[in-house]
Structures are given as C-alpha cells and as structure tokens.
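Please read the structure below before turning to the comments.
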Amino acid sequence: MSSIQLDSTGVWQVRWPKKHALIIALVEAYLAYESNLPPEQRVSAPALSQVQEASDRAKTAVAAAGSGEAIRATAAETYRQTMHQARPLLEIALLRLKGKYATNLAQLENWGLATKEGKRGVSVRKPANQSQSANFLLSYVAQESSRPEEDRIANPPLEQMAALAETVQQSSAARKGGRAGDYAVWRPGVQRPTTVGLSPPAT
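If you're matching positions, the sequence shown starts at 88 in the numbering used here and goes up one per residue.
And the structure:
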C-alpha cells in the first residue's frame, strides 16, 4: 500500500478535487505525464496499468450515472403527462362507481378509494393528490380486471385505463431508478394478467 507524506511546514498546499470531472481530468493528466516517462522513472506503485484501469472504471461509472439521471428525468415527465391524461377518466370512473354502488359505498375501497362513515352515511373521499390518483388508477384496473366482463364499467374503457396504468407503473419504477416489484395489469385478449415490474397500489 502506498503512502504520501506532506510537509506541513512547506509553502505549497495540495488540494484534492472534489468533483468527479475534475478528479478524472487529474487522473488523465497523470496518465499522460507518466506514460511519457521511461519505465524506470515512473511511479512504481500504484502501477500505471492499475491507474489506467481505475480511470476506465471511474469514467464508465460517471457516464452510467449521467445516463441514469436522464432516464429518471424522462420517466418523471412521462409519469406527469400520463397522470394528466388519466385524471379526467378517473373523474368519470369515480362517478360511475358511486352511481353503481350507491347503496353500499364502502365497497369502493376495493377500487382504491378511501371512505368515511358519518352521520349521513358513508362518504367517498376523492383522491387529493397525484399519488392518490395513481393508486386509484392501479386499484381500479386491478379490481375491474378481476370482474366478469359483463359486470365491468363500460366507460371509461378498461383497455384504455389499463394502458395508462401500465405507463404510470413503468415510469414510476424508472424514475425511482429500478424495478419496484411485480404488479399484474390486465390486457384485453389475454386470459391471465401480464406482469410488469411495478408496485401494487397501497390499500
């Protein structure tokens, strides 16, 4: 293991760069300088080949991190746009559910909606933010997919809601930097739900 001793009484100071780009630039300068020296004059440890290998790994890691940030930014925008598109459809779905199950609104919790018992009976809480709306969308698709076709709500079409749900799940997982889990999304014409790498809605 190499060690470096600095003269604390000297007039010169060594400042190690903190940013990745500056560190890589310093390593590149070191490699260029050492490569032009005769082998006997080069620093023996760490070997030049080791420094080159470490430099290559560092550049690959920095490039991958930058790519990851771009992917997450794109996914976040896709998520926002998809939820914007889904919001009016969720409004219709909520009205349809409240009408269909008016005599027992507590059932709507099966569709991801919160209900509250009050003096005048059960009330349904409309999703208050984007996260709650997304959970409603995912729960709605899961619940409607599990029901016989003749018992499903016709408008909005389940096929359309399922496509939005899948995009929301995929973009949500991508913006978090990885797969959050498996969640089944129904697709028309498929007997069994297909699985995408996303999280199920909270209940």
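For each residue, glycine too, the CB sits at the ideal point set by N, CA and C.
Taking a cut-off of 8 Å for Cβ pairs, the segment 229 to 238 and the segment 200 to 213 do not touch, as fewer than three such pairs fall below it. As the crow flies, the alpha-carbon of Ser122 is around 8 Å from that of Leu135. By the neighbour-count criterion, in which a residue is buried when 16 or more other Cβ atoms sit within 10 angstroms of its Cβ, Ser259 is buried. Here the alpha carbon of Ile179 sits roughly 16 Å from the alpha carbon of Ala252.
Beyond the five residues adjoining it in sequence on each side, Gln230 comes within less than 6 Å, by CB distance, of Asn197, Trp198 in the same chain, given in chain order. Membership of Glu127 in any alpha helix (DSSP H) is not indicated, and neither H nor E is assigned to it by DSSP. Ala201 sits in a strand when the DSSP states are folded into three classes.
Annotated as proximal: Val209 and Ala193, with beta-carbon spacing under 8 Å. Here the alpha carbon of Gln139 sits roughly 8 Å from the alpha carbon of Glu115.
If you check the CB distance, Ala145 and Ile111 come in under 8 Å. For Gly97, the three-state secondary structure derived from DSSP is coil.
Pairing Gly97 with Ala108, the inter-Cα distance amounts to about 28 Å. The C-beta distance from Phe223 to Leu177 rounds to 6 Å, short enough to fall under 8 Å.
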